[in-house]
Every structure is written in structure tokens, then in C-alpha cells.
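Read in order, the letters of the sequence shown are residues 19 to 127 in the numbering used here. Don't be surprised by glycine CBs; every beta carbon is placed ideally from N, CA and C. Let me begin by presenting the structure, written as C-alpha cells, before commenting on it.
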Amino acid sequence: MDEIQAVTTLGALAHAQRLRAFRALVVAGPEGLTPGVLADRLDVARNALSFHLKELAHAGLVTVEQQGRNLIYRADFGQMNELLGYLTEHCCQGGTCEATDASPVCTSC
């Protein structure tokens, strides 16, 4: 991933509704969710959700597949991992990072 892709991806996540939608799709896993189910779970209007899903798809964070009359949205874990890799590429100057839940800061920096 390059800097432009990282900025596009982070920009897509820089909205509360899109972040919530992406996180819900991550939780759903490879089975994904239809927009209707996702809208119900997030308690958001379907037309607003459609706009946000389009933005996430444009950034490469979600994929969409037509199954019969339904669209299935899934988190793109490859793209998510590329972003995480880009963000942590030079973590701790190449040393071992010992971040924990109690201390999310890299302790060897």
C-alpha cells in the first residue's frame, strides 16, 4: 500500500457511520451482510447506508457480491491488513513491539 491508498482508506473510515458499518462487516466475517440487515443492526436509514457502503467499496475496504436479488457486503480483510501493515511498517524501529491491551503504546520505542 502506498501513501495515497492509505489516505483514501483512512478517509473512508473517518466518518462514524462508515466506521460502524466497516466494524460490523468485520464482525460478520466472510459471510458478510445484506444492506438491509446491516441497516437494521446499525439503526441507520438504508439510503444513507448505501452511500456509506459505496464509499467503503471505493476505498477497497469492502467487497460486494450479488447473490440472486441480494447484495452481500463483506469486509476486505486483505485491504484492512495492508493498511495495518502500512501503519506499522516501521514500528519500534525494527525492534520487537510489545504493545499490550493494558499498554497500547509500543514499549520498545
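> In the structure shown, what three-state DSSP assignment does E83 receive?
Replying inline: strand
> Can you tell me whether DSSP reads A93 as helix, strand or coil?
Replying inline: strand
>> So, under 8 angstroms CB-CB, V82 and A75 are touching, yes? Tell me the CB distance rounded to an integer number of Å.
In response: 6 angstroms
>> Using a 10 Å radius around the Cβ and a threshold of 16 neighbouring Cβ atoms, would you call C45 buried or exposed?
In response: The sequence shown places Val at residue 45, not Cys. Burial call: exposed.
> My guess is that G50 and I90 are in contact by the Cβ rule of under 8 angstroms, so how many angstroms apart are they, rounded?
Replying inline: 4 angstroms
>> Measuring straight from C-alpha to C-alpha, what distance separates R36 and M98?
In response: 14 angstroms
> Ordered along the chain, which non-local residues of its own chain (more than five positions away) have a Cβ less than 7 angstroms from that of T52?
Replying inline: N88, L89 and I90
> Does the Cβ-Cβ distance between A30 and L102 come in under 7 angstroms?
Replying inline: no
> Which residues in the same chain as L67 place their Cβ atom closer than 8 angstroms to its Cβ, once the five residues preceding and following it in sequence are excluded?
Replying inline: Q35, A39, P53, L56, A57 and L60
> Among residues of its own chain, excluding the 5 on either side of E100, which ones have a beta-carbon nearer than 6 angstroms to its beta-carbon?
Replying inline: M19
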